[in-house]
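Residues 98 to 275 in the working numbering are what the sequence shown spells out, letter by letter. All C-beta atoms, glycine included, are put in the ideal place defined by N, C-alpha and C.
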Amino acid sequence: ERRDILLNATTRRGPSGEVIGVIGVGQDITQIREITGEQERVADDLSRLIESANAPIFGVDLNGMVTEWNRKSAIMTGFTKKDTMGKNFVQNFIQQENRHSVSEVLRKAFIGEETANFELPLLSKDGKRYSVLLNATSRRDAKGNITGVVGVGQDITELQQVLAESKRVAEDLTRLIE
């Protein structure tokens with residue numbers, strides 16, 4: 098069975114300072130390496146899941162700067178990950194009239210108050226407006242300190258368009274009946 102050993106060695110000196118040997122101290126780090134390897138594997142799996150998810154997922158730091166932007170977010174908005182990283186999410190990707198409400202959702206998540214089913218208006222590179230049903234969750238470090246927000250959404254733009262059209266047709270029919 099293979100074992101990983103962390104070895105520290107130092108010279109052993111005689112009474113007049115001459116080197117007479119080596120003192121070595123070994124520590125078995127096999128289990129630590131296995132745990133670290135498993136943690137890296139899980140982190141890689143989660144990164145792949147976020148990147149390939151069929152839902153827009155973004156992350157911002159405590160200053161509101163984009164730290165995560167998955168493939169679906171890029172497809173919807175036309176902004177690549179490179180376009181968005183380090184840019185202010187609200188100022189660059191949210192319509193002017195919605196910036197206050199989106200900032201408020203982020204502010205709450207920054208203090209640990211998570212928001213579910215918030216309708217996030219998102220603006221694409223070519224000016225198309227999307228409606229995303231968003232869950233905003235506080236992002237925490239290993240010590241539990243909040244480091245930012247992760248937003249996971251569902252594109253409901255087409256659903257809203259169908260509902261609006263259905264409502265219009267229903268109103269038209271109601272007027273015809275009256």
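From the DSSP output, in three-state form, read off I191 for me. Look at I191 here: in three-state DSSP terms it is coil, with no helix or strand label.
First and last residue of the uninterrupted beta strand (DSSP E) at D125: Counting along the chain, the beta strand (DSSP E) containing D125 begins and ends at 116 to 125.
Taking the alpha carbon of L219 as the point to measure from, which residue in N189, N232, I147, A261 has its own alpha carbon closest? N189
I'd like the list of long-range same chain contacts for G245, defined as Cβ closer than 7 Å, with 5 residues on each side in sequence excluded. G156, V157, D158, L159, T164, R236
Quick one: what does DSSP say I253 is sitting in, helix, strand or coil? coil
Contact between the region 253 to 269 and the region 215 to 229 (3+ Cβ pairs under 8 Å): yes
DSSP three-state assignment for A239, whether helix, strand or coil: coil
For the region 169 to 186 against the region 210 to 224, are there 3 or more C-beta pairs whose distance is under 8 Å? Touching, per the Cβ criterion.
Flag this pair as yes or no: are the beta carbons of D125 and D141 separated by less than 9 Å? no
By the three-class DSSP mapping on this structure, what secondary structure does M173 have? Helix.
Would you tell me roughly how many angstroms separate the C-alpha atoms of I191 and V199, rounded to the nearest one? For the pair I191 and V199, the Cα-to-Cα distance works out to about 8 Å.
Beta-carbon proximity check, V116 vs N105, cutoff 9 Å: no
Please list the terminal residues of the continuous beta strand (DSSP E) segment that includes A106. For A106, the enclosing beta strand (DSSP E) stretches over residues 102 to 110.
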